[in-house]
Structures are given as structure tokens and as C-alpha cells.
Amino acid sequence: MNVPPKIKHFIWRACRNAIASKCNIKHRLKIGNDECPRCGEDSESLEHILFFCPFAQAVWKASDFSYCPERIGFPGFCQWWSKLCLLASKGEFGDGISFISFICWHLWKARNAFVFTGVDSDPSLSWLLAHDAFMEFYKINILEPSRLYQENGHNQQCTPTPPDCIKINCDASFINFSSSAAGAAVFRDSHGKIVKVVSKSFRAFSASMAEALAVRMGDTFAFRCGFPNIIVESDNIGLISRLKTKSFSAWDSALIEADIINLATGFSSVSFSHVSRLCNRQADWVARSTRVENYPVDWVSAMPRDFVSHCNCLSL
Ligand SMILES: [Zn+2]
36 MNVPPKIKHF IWRACRNAIA SKCNIKHRLK IGNDECPRCG EDSESLEHIL
86 FFCPFAQAVW KASDFSYCPE RIGFPGFCQW WSKLCLLASK GEFGDGISFI
136 SFICWHLWKA RNAFVFTGVD SDPSLSWLLA HDAFMEFYKI NILEPSRLYQ
186 ENGHNQQCTP TPPDCIKINC DASFINFSSS AAGAAVFRDS HGKIVKVVSK
236 SFRAFSASMA EALAVRMGDT FAFRCGFPNI IVESDNIGLI SRLKTKSFSA
286 WDSALIEADI INLATGFSSV SFSHVSRLCN RQADWVARST RVENYPVDWV
336 SAMPRDFVSH CNCLSL
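Under the numbering used here, the residues of the sequence shown are numbered 36 to 351, in order.
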């Protein structure tokens, strides 16, 4: 398992049920009550913090794993973890086990922030923080430096937009079993102000196809709006890398990616950049919301109130 020592230590303690949950404190010291301070629905065991508290459920649901832990029949953290380790040892899980340990760690961190400082974070923000922390660790510790340079380009940070340029953050939401997908593009001017948001539901055969459709939608709207210089940002490393090198091999997205390059000839300048999920969080939110609630195609003139409050909530 490739994770920082502090996370390894946390998992080790969790497997021994040595985490200072309210349940454990009450059981061992015979003091206090063990009610979950966040939801008040159950006693605060380790499993409640990591899986069954509504906050944890929302984080897992928002994650790439779309995981819904079931309370009935749940074997306890240690056995659950052993099962994951078994899958990982068979090579069926890639780096998933490391990724999952980052999520568990961030759930624990969010619980402590809530208990000790009263900070009640957004589940989608906790998921994005876990995702970006994992990606950062993965790139630095696992990918070779040369590949890292090619994939990251210069734009790992949330960079400002140059004058006379529009930055378009694109993202897609995709559900594998139903092929239902949605794309979103958030347009910002050089002051960072959102000047346009477009989103659309569509069908896709894969996540990479959905991501390509989202970028094409953003480019098409930028062209219609007459923006001459654009920077297109996506958190999909593969897509950005293919657009930069113009090598389209995936059967499901090659034509769409070629179309994006054709569209690029209609602008004075176009650049494609990879950004972290955190920097792409608003486009991610719009795409997810559009898939679920079918937002209108173009709503810059009347942004839904929940999008505005989401932007305020997530502004770091
Ligand atoms: Zn709870």
C-alpha cells in the first residue's frame, strides 16, 4: 500500500479498533456519551464515522467508487480491510486500496475538525481533498518524474487567467451501468469572474467519452460567443495529453477529440491544461447536478441559487 506513514498508522490503529471514537472512549473509560456528535442518529463507532454517518455516506457516494456501505451484514472495519487487501494482493484493485485509505483518513480528519473546532465541511469537498491528496502523493511517489512532467504540464495549481483570455473548466459526470452522463463548462474571465456556465445531459459509453463531449461542448459555446483566446482545463489527464499530442486512439472518443482539434482552428489561440479535481470543482458540481436534475443548457443569466451557494461554500 502506497500511502504516507500517518495514513498507514491510522489504518493500523483502525484495524485494532484503537481509534478514539466516542464509542471506544465510553467503553474503555466509562465516561461521556457515545452519540455521534454530527448526526445524533447512532453511537459513534469507527464504522459509523467511516461508513454509516450520513456525512460518510455522502462522501463515499460522491467518490469515484460511488460506494454505498450497507450497515446490515457489515463485517467491521478490520474484516472489510482484510477483504480489500486480499483483492489488492490478487492485483484486482490497482492502487484502489491506497486511494480508499486516503478517503478513510480524510473522513477521520473531517470528523475531528467537526468535533474539536466545529467546522462542518461539505462532503463533496472532503472527497475532493482526499482525491487531490492521493493524486499529489501518487504523482510524486509513484509516477516517474519524466511522465509526471508530461502529464502535469505547468498547470497543476489553480492558475489565474491571462488578460483577453477566457478559461473554460470542463468536466463530466458518468454512470457506467446506465450510460447516463452530463457535461459542464464554467467560463471565467481574467479576473476569475464566472461569465458563463453551460451544461447538458447526454449518453456516453465511457467516462473518457463523456469528458471529451464536455470539452467539445465548452469549445462550441466559446466559439459561438466569439471568445478569441481560450484556455481549456480538465482534470482528465489522459484526455488533455491526447489533445496536446493529437494522438487519438480510443475507439469511443477518438472522433470527438479530433473534432475538438478541428474546432480549435476557429480561435486565435487555444491551450489545453490539466488541473486538479479541486481546481475543477465547480465544473464537477455542475456536471453532477445536471446529470441528476437536468439543469438548463445555458444559465449564465439566472444561475441556480444552489450553484451560487456551492461556489461560496467551496471558495478556498
Ligand atoms: Zn453520525
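All residues carry an ideal CB built from backbone N, CA and C; glycine is no exception.
Cβ pair Ala219, Ile203 closer than 8 Å: Walking along the sequence shown from the start, residue 219 turns up at place 184. Walking along the sequence shown from the start, residue 203 turns up at place 168. For Ala219 and Ile203, no; Cβs fall outside 8 Å.
Boundaries of the alpha helix (DSSP H) in which Val250 is found, first to last residue: As a position in the sequence shown, residue 250 is number 215, starting the count at 1. Counting along the chain, the alpha helix (DSSP H) containing Val250 begins and ends at Ala242 to Cys260.
Glu82 Cβ short of 7 Å to ligand 1 heavy atom set: Counting from 1 along the sequence shown, the entry for residue 82 is found at position 47. No, since every heavy atom of ligand 1 falls outside the 7 Å radius drawn around the Cβ of Glu82.
Under the three-state DSSP convention, the category Ile107 falls into: The residue you call residue 107 lines up with position 72 of the sequence shown. Of the three classes helix, strand and coil, the one that applies to Ile107 here is coil, per DSSP.
Cβ shell of Ile42 (< 7 Å), same chain only, five flanking positions each side left out: Taking the sequence shown and counting its residues from 1, the one referred to as residue 42 is at position 7. Here the set comprises Ser136, Phe137 and Trp140.
Pair within 8 Å by beta-carbon distance, Asp287 and Met252: By one-based count along the sequence shown, residue 287 stands at place 252. By one-based count along the sequence shown, residue 252 stands at place 217. Result no, Cβ atoms of Asp287 and Met252 do not sit closer than 8 Å.
Cβ neighbours of Pro263 in the same chain (closer than 7 Å, five flanking residues each side left out): Translated into positions along the sequence shown, residue 263 becomes position 228. So the list reads Phe302 and Ser303, once near-sequence residues are dropped.
Contact set for Pro72: own chain, Cβ-Cβ below 6 Å, skip 5 residues either direction: Numbered from 1 along the sequence shown, position 37 holds the residue referred to as residue 72. Cβ neighbours of Pro72 beyond the five flanking positions: Val150.
Chain-ordered residues, beta carbon under 5 Å from a heavy atom of ligand 1: Cys71, Arg73, Cys74 and Cys88
Ala322 and Asp206 closer than 8 Å at C-beta: Translated into positions along the sequence shown, residue 322 becomes position 287. Translated into positions along the sequence shown, residue 206 becomes position 171. Yes, the pair counts as a contact, with Cβ atoms nearer than the cut-off.
Cβ-based neighbour list, Asp199, same chain, cut-off 8 Å, excluding 5 preceding and 5 following: Here residue 199 refers to the residue found at position 164 when the sequence shown is read from its first residue. Counting only Cβ-Cβ distances below 8 Å, and skipping sequence neighbours, we find Ser225, Pro263 and Asn264.
Exposure label - Ile54; buried when at least 16 CB within 10 Å: Against the sequence shown, residue 54 aligns to sequence position 19. Label assigned to Ile54: buried.
Given Ser78 as reference, the closest of Asp155, Ser56 and Leu121 once Cα atoms are compared: The residue you call residue 78 lines up with position 43 of the sequence shown. Checking every option, the nearest Cα to that of Ser78 belongs to Ser56.
Through-space distance from Leu121 to Asn37, alpha-carbon basis: Locating residue 37 in the sequence shown gives position 2, counting from the first residue. Locating residue 121 in the sequence shown gives position 86, counting from the first residue. Distance between the alpha carbons of Asn37 and Leu121: 16 Å.
Minimum C-alpha distance to Ala257 - residue among Glu246, Arg277 and Val233: On the sequence shown, position 222 is the one that residue 257 refers to. When each option's Cα is compared against that of Ala257, the closest is Val233.
Within 8 Å, strictly: CB atoms of Ala148 and Ser156: The residue given as residue 148 occupies position 113 in the sequence shown. The residue given as residue 156 occupies position 121 in the sequence shown. In contact: Ala148 and Ser156 (Cβ atoms closer than 8 Å).
Val94 classed as buried or exposed, judged by whether at least 16 other C-beta atoms fall within 10 angstroms: On the sequence shown, residue 94 is found 59 positions in, with the first residue counted as 1. Val94 should be labelled buried.
Cβ-Cβ separation, Ser241 to Ile275 (assumed contact under 8 Å), whole Å: Counting from 1 along the sequence shown, the entry for residue 275 is found at position 240. Counting from 1 along the sequence shown, the entry for residue 241 is found at position 206. Actually they are not in contact, since the Cβ atoms of Ile275 and Ser241 sit about 16 Å apart, beyond 8 Å.
Pro39 to Lys144 span [Cα, whole Å]: To locate residue 39, count along the sequence shown from 1; it is residue 4. To locate residue 144, count along the sequence shown from 1; it is residue 109. If you take the alpha carbons of Pro39 and Lys144, they lie about 15 Å apart.
Residue from Ala49, Glu292 and Ser269 whose Cα sits closest to the Cα of Thr280: Start at 1 with the first residue of the sequence shown, and residue 280 comes out as number 245. The shortest Cα separation from Thr280 among Ala49, Glu292 and Ser269 belongs to Glu292.
Phe109 beta carbon less than 8 Å from that of Glu82: Reading the sequence shown from its first residue, position 47 is the one you call residue 82. Reading the sequence shown from its first residue, position 74 is the one you call residue 109. Contact: yes.
Given Leu85 as reference, the closest of Val230, Ala318, Ser161 and Phe172 once Cα atoms are compared: Start at 1 with the first residue of the sequence shown, and residue 85 comes out as number 50. Answer by Cα proximity: Ser161.
For Ser80 and Pro195, the rounded distance between their alpha carbons: Locating residue 195 in the sequence shown gives position 160, counting from the first residue. Locating residue 80 in the sequence shown gives position 45, counting from the first residue. C-alpha separation (whole angstroms): 43 Å.
Helix, strand or coil at Phe302 according to DSSP, with G and I counted as helix: On the sequence shown, position 267 is the one that residue 302 refers to. In the structure shown, Phe302 sits in coil (DSSP, three-state: anything other than H, G, I, E or B).
Per DSSP, cross-strand counterpart(s) of Gly131: Here residue 131 refers to the residue found at position 96 when the sequence shown is read from its first residue. Answer is none; Gly131 lacks a bridge partner.
Backbone secondary structure at His226 - three-state DSSP: Your numbering for residue 226 matches position 191 in the sequence shown. Coil.
Those residues which DSSP pairs with Cys205 across a bridge: By 1-based counting over the sequence shown, the position of residue 205 is 170. BP columns for Cys205 point to Ala220 and Ser269.
Length of the line joining the Cα atoms of Pro180 and Tyr173: Here the question's residue 180 lines up with position 145 in the sequence shown. Here the question's residue 173 lines up with position 138 in the sequence shown. Confidence at Pro180 is low in this model, with a pLDDT of 37, below 50, so the placement of that residue is unreliable and no value is reported for it.
Own chain partners of Pro197 with C-beta closer than 7 Å, once the 5 adjacent residues on each side are dropped: Residue 197 sits at position 162 when you count from the first residue of the sequence shown. The residues are Ser225.
Trp352 vs Ile46 beta-carbon contact at 8 Å: This structure cannot speak to residue 352, because the chain is shown only from 36 to 351.
Local Cβ density within 10 Å of Tyr184, reported as buried at 16 or more and exposed below that: If you number the sequence shown from 1, residue 184 lands on position 149. Here the model assigns Tyr184 a pLDDT of 35, short of 50, so the residue's position is not dependable, and the following value carries that caveat. The residue in question, Tyr184, is exposed, as its Cβ has fewer than 16 Cβ neighbours within 10 Å.
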